[in-house]
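*Asks:*
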Amino acid sequence: MAWKWRTLSREQWTEASELLDIVALRYPVLVARPAKPLAVGTGDRLKACGHELGLTEDQADLVMVRVTRTSSYLAALARGGHCYDLDGGIAGEVSAQDRKTAAAILTARRAKRARNEAAIARGSQGSDQPGGPVELTDAEAGKAGGSDDRAAA
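One rule links them: number in this note's numbering = place in the sequence shown (from 1) + 9.
1) Along the chain, where does the alpha helix (DSSP H) that runs through G52 open and close?
2) Three or more C-beta pairs closer than 8 Å, one from the segment 33-50 and one from the segment 92-99: is that the case here?
3) Can you give the Cα-Cα distance for A41 and Y82, rounded to whole angstroms?
4) Could you spell out the range, first to last residue, of the alpha helix (DSSP H) harbouring E24?
5) Going by DSSP, what residue range makes up the alpha helix (DSSP H) through E102?
6) Using only the alpha-carbon positions, how far apart do R124 and G50 sit?
7) Would DSSP call D158 helix, strand or coil?
8) Out of V38, A105 and G63, which has the shortest C-alpha to C-alpha gap to I99?
9) Please return the same chain residues whose Cβ sits closer than 6 Å to the Cβ of G59, not counting the five positions on each side in sequence.
10) State the start and end residues of the unbroken alpha helix (DSSP H) segment that holds D70.
In C-alpha cells:
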C-alpha cells in the first residue's frame, strides 16, 4: 500500500490512544521511549494479528496512525538507524527517503508553530493561518511511495 498521510480528529486521537494502551501491553515497541522507528510492513502485521487483541483492521490502522504521527516518532525516523518489528527486534534500517520525509514534516510543524506563536504575540488569533494539522504536498514530503505502510491508512 502506498504511503498516505492521514489526519485524526480529536475524537479519533482519543480512541486511538485508548486502543494503543491495550495493544502496547502485547507490543511495547509501539510506545517505546525514546520512540523507535517501525519496520515497513508493521501496520500489515498488526492488522493480521490484531484479531488476537480484538482489533478490527480499521482499529489497527488507527493505532498505527496514532503512533506514527507524534513528533517523537518522526524525530526517531529523521535520525535514522535501526527500525524494529512489532516484537521489538531489529528489522532493518530506516531508509534515506523516510529520514527526509520525517525531517520535512517536522520542519513544517516547527514553521507552523512559529507562525502561530508570532500571531499570538501580535495579539491576533492567527486567523490568517490555517488552524488545522500540517498538510504537505507530495513534493514537500518527499513522496515516500512504495509499500511503506507504517503510516498508511
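C-beta atoms are modelled at their ideal positions from N, C-alpha and C, and glycine is treated no differently.
No experiment lies behind these values; they were computed from the predicted model shown.
*Replies:* The short version:
1) For the purposes of this step, residue 52 is taken as the residue at position 43 of the sequence shown. G52 -> alpha helix (DSSP H) spans T51 to C58.
2) yes
3) On the sequence shown, position 32 is the one that residue 41 refers to. On the sequence shown, position 73 is the one that residue 82 refers to. Computed Cα separation, rounded: 10 Å.
4) Counted from its first residue, the sequence shown places residue 24 at position 15. That run of the alpha helix (DSSP H) goes R19 to R35.
5) One-based indexing of the sequence shown puts residue 102 at position 93. Not the alpha helix (DSSP H): E102 falls in the beta strand (DSSP E), residues I99 to E102.
6) The residue given as residue 124 occupies position 115 in the sequence shown. The residue given as residue 50 occupies position 41 in the sequence shown. Whole-angstrom Cα-Cα distance: 36 Å.
7) For the purposes of this step, residue 158 is taken as residue 149 along the sequence shown, with counting starting at 1. Low local confidence applies: a pLDDT of 42 at D158 is under 50, so the model's placement there is unreliable, with the coordinate-based value given in what follows. If DSSP states are grouped into helix, strand and coil, D158 belongs with coil.
8) In the sequence shown, residue 99 corresponds to position 90, counting from 1. Checking every option, the nearest Cα to that of I99 belongs to V38.
9) Residue mapping note: residue 59 aligns to position 50 of the sequence shown, counting from 1. Contacts found: A69.
10) On the sequence shown, position 61 is the one that residue 70 refers to. It spans E66 to T77 - the alpha helix (DSSP H) in which D70 sits, taken as one unbroken run.
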